[in-house]
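As C-alpha cells, the structure follows; a few thoughts come after it.
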Amino acid sequence: MQRIMTTGAGVLRSAESLAAAAVALEALHTEAVADLARNGKTAEPCVETWEATNLLLVSRVLVAMARTREETRGCHWREDHPGRDDAHWRRHLAARLTPSAELVITATGTADFPPVTLPGRTPAADTAPAADTAPAAPAAAPDRSTHSSRESSS
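Under this note's numbering, the sequence shown has 187 at position 101, and the numbering climbs by one with no breaks.
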C-alpha cells in the first residue's frame with residue numbers, strides 16, 4: 087500500500103497515476119475478499135490486521151477524493167491541472183460511508199469547514215452538490231462521486 091500511495095497519490099500526481107493507484111488498491115481489496123470467501127477470514131484478528139484494513143480504507147478514500155479535486159492546491163501538485171482554481175475548488179471535500187458501504191464525496195459550499203449555516207437556512211442549503219456535479223468537474227468525466235467500499239464492515 088505504501089508503494090502504491092507514494093507512486094500514485096503522492097505529492098506529484100495526475101489523473102493517470104491516481105487511476106492506477108485506484109486499480110491497485112481495488113486489487114488488494116479483491117484479494118482480501120477472495121481470501122475471506124476461501125478461508126472464512128482474511129488473516130488472524132490482531133492489531134496488524136485491523137491496521138491494514140483501516141489503511142486500505144483510508145487509502146481508497148484519499149485516492150477517490152484526490153481524483154475528484156482536479157487542481158493543484160497546497161503541497162499536492164496535479165501534473166494535469168497545474169493551477170489553483172479558487173472559483174470552483176476553494177472549499178473542502180467531505181467523505182462519508184453510507185450504511186450500504188458506499189463512499190459519498192461532497193463539496194462544502196464555502197471554504198469554511200464545517201459549512202457555516204446562515205440564519206434561516208438549513209445546513210443542506212449551505213453545501214454544494216455531490217462532487218460529480220461540482221462546478222469544476224467536466225461534463226464528460228467519469229462519475230467518481232461514489233465508490234463501493236467494503237472494508238468498513240471489517
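Every residue, glycine too, gets a C-beta built ideally from N, C-alpha and C.
Fair warning: this is a prediction, and the values are worked out from it, not measured in the lab.
Should residue i be labelled buried (16 or more other beta-carbon atoms within 10 Å of its own) or exposed?
i, result
"residue 136", "exposed"
"residue 119", "exposed"
"residue 154", "buried"
"residue 123", "exposed"
"residue 173", "exposed"
Is the CB-CB distance between residue i and residue j below 8 Å?
i, j, result
"residue 166", "residue 100", "yes"
"residue 96", "residue 106", "no"
"residue 176", "residue 197", "yes"
If contacts are defined as beta-carbon pairs under 8 Å, then residue i and residue j qualify, I think. What distance do you get, rounded to the angstrom?
i, j, result
"residue 181", "residue 147", "5 Å"
What residue from the options has the CA that sits closest to residue i's CA?
i, options, result
"residue 115", "103, 140 and 186", "140"
"residue 92", "131, 121, 149 and 138", "149"
For the alpha helix (DSSP H) that residue i lies in, which residues bound it at each end?
i, result
"residue 89", "88–95"
"residue 106", "101–125"
"residue 153", "133–154"
"residue 173", "172–175"
So residue i is in the beta strand (DSSP E); what residue range does that whole segment cover?
i, result
"residue 180", "179–183"
"residue 193", "188–194"
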